[in-house]
Amino acid sequence: MNAAIVRALLRDAYYQVVDNLGFRILLVLFLLPGLFFLLVSFRTDGIWVVGTWQLYPDWLTNGRTTPPNTAALEQLLEMQLDNIVDNVLGVFDLFASVFAIAAVSFFVPQMLERGGADVVFSKPVSRWALYLSRYVAGLAFVSLLAVVLIGGVVSGLWLASGYFQPRLLWVVPALVYGFASLHAISCLFGVLTRSSIAAILLTVVFMPINYGLHKAFEKNAVEQHVAEASDKPAEPTTAASAVFAVVLDVYHLIGPKNGDGARIAKALRERLDYVEPEFVDDELGLTIDASPEGFQREPRSALRQEGLTWLAPHPAGGGEATWRIKAESVERAGELSAVSKALRKELGVDSKPTIIGEITGRRFEWTEQRGQESRLRRRWLVQVNDELLTVDYDAEAAWAAREDSERMARAFTGAWRLEGDAKRRARTASYDDLFAWDASWRFNAVLSILTTLLFIALMLALGWWKLSRIDF
Amino acid sequence: MDRSTPAVSVRGLSKVYGRGLFGGGGFRAVDELTLEVGRGQVFGLLGPNGAGKTTLVKMLLGLARPTSGEARLLGAPVGDALVRRKVGYLPEGHRFPPYLTGVQMLRLFGEMCGCERDKLERRVPEVLELVGMRDAAKRKLREFSKGMTQRMGLAQALIHEPELIILDEPTDGVDPVGRAAVRQIVQSLKERGVTVFINSHLLQEVELICDRVVVMVKGKLVREGAIEELTPRNGRYRFELASVPPNLRVLLGDLGAGFEAHERGFEVQLSDAELDQCVDLLRAAGVSIRGILARRLNLEQAFIQLVKAQQQGGAK
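Line order of the protein sequences matches chains A and B. Take the first sequence: its position 115, counting from 1, is numbered 115 in our numbering, and each next residue is one higher. Take the second sequence: its position 275, counting from 1, is numbered 747 in our numbering, and each next residue is one higher.
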């Protein structure tokens, strides 16, 4: 097959897609989210319509707490926008799969219709190339829609809200990946039945079955993972449930894992964005991505001895500020309350609840007079099983007077990941958390991609084999 | 171009549909067919419905797999993609991609047949002109009438300048002017040395444009030859006279059968001996004979006779 034939087939696929009424309707629908984000801007000072009408000025704080400073509001805005975009794209992901399948399932049956097939298959082009061109046409269909959807959302957010998030572009390959396996099935059904209606119906029936089986597999896999990590004796299972678990495992290996598209995109994004963290402690499940702004870590300091220490001189000269994180073994659960109580008594200040990573603790803030010097002190207390984590911030008055002192503290502690020990992590893990490039086979992203690609190849090969045996 | 190899060569070709698991039973659509079509011929494939004509054509184009036997086009096996670049095909009951315009379809099929862009720049307007579709070529195919679609079908079969063209009911749905145009196109292809293989029910069309025909009945070849060979004399003679004597019928007496007078003479059924006798009688009466035409069966009559005979033979 020469380049002219490939060009001709691709151009034919393009013509077929853009002429499709379903495509044009979906194109308009998929422009709507972009249009929405273009007309409605989300800012720290409220939600604005067409940049003119201000709605919900306190939408970020919901009017319940004292508005935080600008930096914190911006952080909050980013989180809220991520949520909004995730929800919008989640709806469109499902919508795109179902409607795109309905819109493209006729590509192969139409090619095989009496009269049409005679013309096309009498040309000096292999049946395989013609079959593949229809498959590619379906992928082009979804790719164009995905580009319109995501391009619109990214541009809309950027232009109206000033929030530029190019990582959203990963959703495009994720959507196409998710669709690729369903479309391979739909093409196979198209060849087997030579009926558009049958191909659509069978594919639409296959989608929830496949989804259900994978969800059941994921639930089983996570339960098994938790049981293994908790050293709990395996619960007695019936023969039927053991057989069902094996069936799920086998199906997971051979079936299309189109639902993993978003997970793979996330894992890929994380891998590409990966920066070596400043500090990791596996026992506590503690990850500190970066030093606090302007601080240097004391190279010899250790978490379980005198404490991990960061120091910084004040930029304008003068005294130092210190961050120190220390882990101590404690003998019983509830040590946090006892220590908090004692500290409250000693300092005469109330503590506030706080969350570090995923674990709830207490936060104290007070001023300490050291000779002539007044110092700002903050302390966070968190207990992870039999270890008490104490985070101390000790700064001279010049530091405390800085406008961004609070923001820096929040930015530093807010960016930690504290997930607890391996058992706790296992108990609270979801399939999404466990899904990784180097995970065991049930959660392995590479295996997911390879087996899904293999499935697509197998479906296409079966379709081609059937097509090669058809007498028109 | 190797002119010595036949354009179409079929040896013992069979196609059985719906065979059982172990190869038994089934419907034999083409049965041990052998035929050859020389280069540059206009060849007609005739037969009643269900004779296996379309199955034969589909096997020639790789659309159906033969059960046994061998078929070659332009000297190469029918499955050869390269040889199919030299073949144009207009199927019966075709359906072209409705989302394409006429020009887009010609470009698509031209490129699928390996035509380069430059060649298509030249060929697309040429064939559109040839089939009389230049004005409508930028419209979508779904907007075309049946006759227009048929013309576009002919255009796509010709776009890549094939050496062999297979036309299945080429004048189906085409108006009389269009039919004449199709005949003219076939004639011009013949003059250029292109082999044309026509499968048609319109026997008058076939009779007008084909050099040779084969007749298939129940998957078998029952007759093959030039049009003259398939349309034998029927014993009737048409006499053209300088002037028609008023007592012509009396003059001939009871010679021959089925006498019919016409403006310039008469037509009558005669044996060879009676023909001589008739000429003698006319000459003896001083009638000047301008011409004698031995009448033949037309192709339709010959075809019907042949098919009936075959079917009766089969029934016995």
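For glycine and all other residues, C-beta sits at the position ideal for the given N, C-alpha and C. Since this is a predicted model, take the numbers as computed values, not measurements.
The way I'd put it, the stretch 571-586 of chain B does touch the stretch 625-645 of chain B; three or more beta-carbon pairs between them come closer than 8 Å. Contact between V172 of chain A and I150 of chain A is confirmed by a C-beta separation of about 5 Å, below the 8 Å threshold.
Of all residues in the stretch 3-16 of chain A, the ones placed with a Cβ closer than 9 Å to any Cβ belonging to chain B are A4, I5, R7, A8, L9, R11, D12, Y15 and Q16, in chain order.
Excluding its 5 nearest sequence neighbours in each direction, V382 of chain A has C-beta neighbours in its own chain below 6 Å: I356, I359, G361 and L389, listed in chain order. The DSSP-derived three-state label of W59 of chain A is coil. Contact annotation: R544 of chain B and S481 of chain B have beta-carbon atoms nearer than 8 Å. One finds P124, V125 and S126 in chain A with Cβ atoms closer than 8 Å to the Cβ of A553 of chain B, taken in chain order. The way I'd put it, the stretch 634-645 of chain B doesn't touch the stretch 586-598 of chain B; fewer than three beta-carbon pairs between them come closer than 8 Å.
A residue is called buried when at least 16 other Cβ atoms come within 10 angstroms of its Cβ; E635 of chain B meets this threshold and is buried. The C-beta of G115 of chain A comes closer than 8 Å to at least one C-beta of chain B. R378 of chain A places its beta carbon 8 Å or farther from that of T367 of chain A. When C-beta atoms of the stretch 510-525 of chain B are compared with those of the stretch 705-717 of chain B, fewer than three pairs fall below 8 Å, so the two segments do not count as touching. The three-state secondary structure of T573 of chain B, taken from DSSP, is strand. Per DSSP, the beta bridge partners of K352 of chain A are A:R363.
Non-local C-beta neighbours of Y251 of chain A in its own chain, meaning closer than 6 Å and more than five positions away in sequence, comprise L213, ordered along the chain. The three-state secondary structure of R736 of chain B, taken from DSSP, is coil. For V104 of chain A, none of the residues of chain B pass the 8 Å Cβ criterion, the least Cβ distance being about 13 Å. Looking only at A:R194, A:Y211, A:I25 and A:E223, the smallest Cα-Cα distance to G261 of chain A is reached by A:Y211.
CA-to-CA, the gap between G90 of chain A and Y393 of chain A works out to about 41 Å.
Taking a cut-off of 8 Å for Cβ pairs, the stretch 216-230 of chain A and the stretch 128-138 of chain A do not touch, as fewer than three such pairs fall below it.
According to the DSSP secondary-structure assignment, S486 of chain B is paired through a beta bridge with B:S540.
Closest by C-alpha distance to Q773 of chain B, out of B:L674, B:L742, B:R736 and B:G604, is B:L674. The Cβ of F581 of chain B sits closer than 8 Å to at least one Cβ of chain A. When DSSP states are grouped into helix, strand and coil, N20 of chain A belongs to the coil group. Between L517 of chain B and V694 of chain B, the C-beta gap is not smaller than 8 Å, which leaves the two residues out of contact.
With contact defined as three or more Cβ pairs closer than 8 Å, the stretch 607-614 of chain B and the stretch 33-50 of chain A are not in contact. Boundaries of the beta strand (DSSP E) harbouring P313 of chain A: L308 to P313, taken from the DSSP string.
Within the stretch 702-774 of chain B, complete alpha helix (DSSP H) segments of at least 4 residues are found at 720-724 and 744-756, given in chain order. Taking 8 Å as the CB threshold, F472 of chain A lines the interface with chain B.
Counting the other CB atoms within 10 Å of its CB gives D93 of chain A a total of 16 or more, which places it among the buried residues. Cβ atoms of E679 of chain B and I657 of chain B stay farther apart than 8 Å, at about 17 Å.
Listed along chain B is no residue with a C-beta nearer than 8 Å to that of F412 of chain A; the closest approach is about 59 Å.
Only buried fits V654 of chain B, as 16 or more other CB atoms lie within 10 angstroms of its CB. Segment contact: the stretch 184-193 of chain A against the stretch 462-469 of chain A, three or more CB-CB distances shorter than 8 Å; contact assigned. CA-to-CA, the gap between G650 of chain B and P256 of chain A works out to about 54 Å.
At a cut-off of 8 Å, the C-beta of A627 of chain B has no neighbouring C-beta in chain A.
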